[in-house]
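Residue numbers (this note's numbering): 208 to 594.
Idealized CB from N, CA, C, for every residue including glycine.
Keep in mind the model is a prediction, meaning the values are calculated, not measured.
Working notes, beginning with the structure itself.
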């Protein structure tokens, strides 16, 4: 069924469509305000989703990790080998990676230097993804280096690096945007044997399946290692940190940000509604005599009311549809740049703002047409013809 046939079945819709075509420039300008309002609401909402996904991506897999360090009440500096074995027994079926920490300066062939954090471990593949080379399951020879540091110093796979009087070959380049990356500095990952003169580990990282598992294991380890004293305080033998609340804080912040962005976008649509109110009011004034004739030949008030409201709804639908299409293009570009996958815009989390914008456009337009419709429907036919 075409739109023409559909309009013929509903006389009020037919007349409303015809009236919009009388002054196309005014109709286009009124619809333009709706278009801008819908773009403001939809694109700002989609932007908030894209920013949240980028923040989650930048956070990496940190939320499924548990970090263990020496507690305030520990009698030893660092985490002992016995404590690591105990952690493995308590937290079974997960990867437990003890680490030594240090810092050093790497020099390039041209004399350029770069300060880096040094991590000594064995299970390199558990914690690090590489952009080039390999991240071995058991790192016993060679080292890994942050790719940004390697690019800055001109170091490539297979080049030698000196650390603590020993020469190591670079086996892999670590992706720079992984996790929090040693406080912004580059990282040099060396075999655990390179720091075996240390008595205890500086930290232990547990990698679980997801954030919920990390939270559960962290709670179990706290109950196991940190006992409550008679005064109600906790004797902290090990400091156990999980990052499950980081994602919750990000989501809470982004929800607040999205509400603020939607509020800003709604202002544009309110302004557009005022413009539609003005257009509809002027349109009914110009057609006062015509409406008076319709009333005089028997057209009821309800039909006049429906005609004016349908006209306002058409304005909202036209502007809303155009605004949705433009917002969709903007969303595809945003997700392509920020998330790397443009098709994410069609998921409900982001696509819902397109629906919200379209429904808001129609609703605001109909509300704006209420007063002009009521005024036209209640104008006495004799007064309308005389006017």
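With a CB to CB cut of under 6 Å and the five nearest residues on each side skipped, what residues in its chain are close to residue i?
i	result
residue 487	519, 576 and 579
residue 344	332
Strictly by DSSP, which residues pair up with residue i?
i	result
residue 449	273
residue 233	According to DSSP, residue 233 bridges with nothing at all.
residue 554	Partner(s): none; residue 554 has no beta bridge.
residue 327	307 and 397
residue 340	379
residue 484	The partner list for residue 484 (beta bridge, DSSP) is empty, contrary to what the question assumes.
residue 413	273 and 303
Sorted by chain position, which residues of the same chain lie with C-beta nearer than 7 Å to residue i's C-beta, five sequence neighbours on each side aside?
i	result
residue 348	398
residue 561	249, 531, 534 and 535
residue 401	327, 370, 371 and 373
residue 524	569
residue 431	297
residue 392	322, 323 and 324
Quick one: measure Cβ to Cβ for residue i and residue j, integer angstroms, because I've assumed they're closer than 8 Å.
i	j	result
residue 341	residue 378	6 Å
residue 250	residue 534	5 Å
residue 351	residue 337	7 Å
residue 354	residue 382	6 Å
Ignore the nearest five residues each way along the sequence and tell me which others in residue i's own chain have a CB closer than 8 Å to its CB.
i	result
residue 408	285, 286, 287, 288, 291, 305, 306 and 307
residue 584	508, 509, 511, 512 and 515
residue 468	251, 252, 254 and 255
Name the residue from the options whose alpha carbon lies nearest to the alpha carbon of residue i.
i	options	result
residue 380	464, 413, 316 and 366	366
residue 572	540, 481 and 555	481
residue 235	551, 529 and 584	529
residue 329	466, 323 and 303	303
residue 447	255, 332, 239 and 277	277
residue 253	321, 553, 423 and 574	553
residue 279	440, 544, 564 and 473	440
residue 413	394, 293 and 479	293
residue 405	426, 309 and 565	309
residue 410	485, 272 and 238	272
residue 320	335, 461 and 362	362
residue 555	364, 301 and 257	257
Quick one: grab the DSSP three-state call for residue i.
i	result
residue 309	strand
residue 301	coil
residue 347	coil
residue 404	coil
residue 378	strand
residue 335	coil
residue 314	strand
residue 353	strand
residue 260	helix
residue 419	helix
Less than 8 Å between the CB of residue i and some heavy atom of the ligand NAP, yes or no?
i	result
residue 491	With respect to small molecules bound, the structure shown includes none, and the ligand NAP cannot be examined in it.
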